[in-house]
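Step one of this worksheet: look at the structure below.
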Amino acid sequence: MVAAREAHRFGQAGDYPPPAPPRPTYREPHPVRASWFLAGLGGGVFWMAILPLLATSISGYGWWTLIAGGVAWLVAAVLARSGDRGAAAGIAISVGMAWAIAAYVLATRWAQTTDWPLW
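Each number in this note's numbering corresponds to the 1-based position in the sequence shown with 68 added.
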């Protein structure tokens, strides 16, 4: 009697529709690897540290940082398009940090002297 009541409550094995087919698994064609990300980050930090050393003034530092960052972003765009997105992300992060540091330096000089340092 209890078994009949339980079967009525939960249904029989053939009462349910068949399970759906498994969903497709989509994989990244070019997955981001930590080693390539760190290589791009290191290369970007090196590039953004070396090129502004050519400057002889605050305005030169600002311009060299902007130019070096622009070139690095072009390289990152090419790398991202060709499939090495980890290195591109590392380069983009290092450029963003370098531009933030340059903006802070230029804003501090601007606040101290009330003269725009890039002109």
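Note that the Cβ used here is the ideal one computed from N, Cα and C, for glycine as well.
Boundaries of the alpha helix (DSSP H) in which residue i is found, first to last residue
i, result
"R149", "126-150"
"T176", "153-181"
Residue burial classification, residue i (beta-carbon count within 10 angstroms, cutoff 16)
i, result
"V196", "The chain is shown only over 69 to 187; residue 196 falls outside these bounds and no answer can be derived."
"G151", "exposed"
"F105", "buried"
"V163", "buried"
Residue from the options with nearest C-alpha to residue i
i, options, result
"R153", "P87, P99, A88, Y84", "P99"
"L142", "A160, Y129, P85, P89", "A160"
"V173", "L121, S103, G130, E96", "G130"
"W132", "P90, I118, A102", "I118"
Reduced DSSP secondary structure (H/G/I, E/B, other) of residue i
i, result
"W115", "helix"
"L186", "coil"
"A102", "helix"
"P120", "helix"
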